[in-house]
Amino acid sequence: MNRSPAIRRRTSFAVLALVVLAGTGWYVAAEVRQARAEQAAPTQVEMAEGVLDGPHVLFRGTAPGDLYGRVAAVALDDLSGPREVTPAVCDRVDSDGETTVCLRTRRGVVTTYEAEVLDDAWRTTASWPLPGTPSRARLSPDGLVATTSFVTGHSYAATGFSTETTVHGADGAAVSGNLEDFTLLADGKQLAPVDRNVWGVTFVDARHFYATVQSRSEGRTWLVRGDLAERTLVTLLDGVECPSLSPDGTRLAFKHDARKPGDPTHHWTPAVLDLATMTVTVLDAEQRSVDDQIAWLDDATLLYGLPRADEPSTTDVWSLTADGTAGPAVAIPQAWSPSVVE
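Mind the numbering: the sequence shown is residues 74 to 415 in the working numbering, read in order.
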């Protein structure tokens with residue numbers, strides 16, 4: 074029996090659809106197999122033992138292979154040299170050598186996020202859940218842990234993102250609750266806690282810290298000085314994001330939004346604020362956009378992470394002089410989230 078042209082067309086379309094689906098399924102399966110093979114392959118980095126016994130920089134390794142995401146260290150006087158790899162797997166890390174704070178993603182049927190405190194043997198001594206994607210972590214000299222997570226969104230460049238920033242003790246005990254609930258004083262006036270985000274804590278001592286506060290209703294982003302005892306945030310300067318206190322306590326490194334008026338795209342340039350004079354030096358020797366909380370290698374040098382243009386999952390830690398006299402250079406290849414341990 075002859076089929077009508079309409080039936081033949083439908084049959085042909087169905088066969089074509091099955092062929093396309095089969096091809097797509099094969100391609101996806103092949104991509105998954107390749108990704109798994111790459112993850113299982115040995116990571117090609119030079120290894121060493123004993124690095125953690127001396128002054129070093131701790132970081133998250135981003136070299137492809139089976140060690141991807143593992144925390145590692147390089148000697149402070151040989152940043153591009155061999156690394157010692159630890160058992161810890163972290164998205165973000167900070168350490169004083171005895172205590173390490175690790176923010177991590179646990180992937181599964183339901184993806185969860187958590188903060189862990191690790192001792193010098195890399196054993197978990199405390200942990201607590203995070204509400205979303207890990208973003209920032211800082212450990213104070215007095216054993217306080219500040220964490221920032223994205224509750225919604227995954228980037229500070231996105232519209233409508235929301236963060237949660239809290240302070241815990243190294244034993245996991247909550248100290249602050251969400252910092253956005255603190256009293257915010259802008260030019261002496263108390264602002265209502267609406268449309269507010271707080272992120273990028275850097276500690277001064279066991280009570281005081283600096284951070285960034287954004288108020289969408291006010292259309293402002295401020296540097297604030299926080300007080301854990303008084304539960305206050307006092308604005309100091311506009312346009313300061315992700316501050317980081319220098320080792321000598323006299324300056325803050327931060328990311329400065331250098332986009333032109335009317336440009337919707339963020340472009341963050343490293344900058345340094347002198348706390349005595351409130352003078353800002355923008356380090357425009359770095360032309361790329363730096364979306365990171367800068368660390369201090371020493372009183373003269375900054376460290377920050379950048380993804381590779383041709384390998385987005387691989388990042389490098391770059392260095393830049395804090396006075397802008399020298400341009401950026403790769404300090405630690407295939408690394409992220411540096412933490413200096415003297």
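For glycine and all other residues, C-beta sits at the position ideal for the given N, C-alpha and C.
For A148, the enclosing beta strand (DSSP E) starts and ends at R143 to A148. Taking 8 Å as the cut-off, the beta carbon of L203 is found closer than this to the beta carbon of Y186. If you draw a straight line from the Cα of A199 to the Cα of D244, it comes to about 6 Å. Proximity to D396 across H227, V345, V403 and L376 peaks at V345, based on C-alpha coordinates. Here the C-alpha atom of G250 lies approximately 35 Å from the C-alpha atom of Q407. Looking at the DSSP output, F276 sits in a beta bridge with F282. Here V218 is buried: its Cβ has 16 or more other Cβ atoms, across all protein chains shown, within 10 Å. According to the DSSP assignment, S235 belongs to the beta strand (DSSP E) that extends over S235 to G242. Where R324 is concerned, the enclosing beta strand (DSSP E) starts and stops at R324 to D330. Restricted to the stretch 177-253, the beta strand (DSSP E) segments that are unbroken, complete and at least 3 residues in length are 185-191, 197-203, 206-212, 217-225 and 235-242, listed in chain order. For L152, the closest alpha carbon among the candidates V414, A404 and S410 is that of A404. Straight through space, the alpha carbons of L131 and L191 are spaced by roughly 13 Å. For V183, there are no CB contacts under 7 Å within the same chain when 5 residues up- and downstream are skipped.
Approximately 5 Å separates the beta-carbon atoms of C315 and K328; this is inside 8 Å, confirming the contact. Residue environment analysis places T197 among the exposed positions, since fewer than 16 neighbouring C-beta atoms fall within 10 angstroms of its C-beta.
Per the coordinates, the alpha-carbon of V297 lies some 7 Å from the alpha-carbon of V286. L140 and G134 have their C-alpha atoms spaced approximately 7 Å apart. DSSP, reduced to helix, strand and coil, places D126 within a helical segment of the structure shown.
By DSSP's assignment, F132 forms a beta bridge with A145. With three or more CB-CB distances shorter than 8 Å, the stretch 159-172 counts as touching the stretch 205-225.
Here the alpha carbons of D357 and L309 stand approximately 23 Å from one another.
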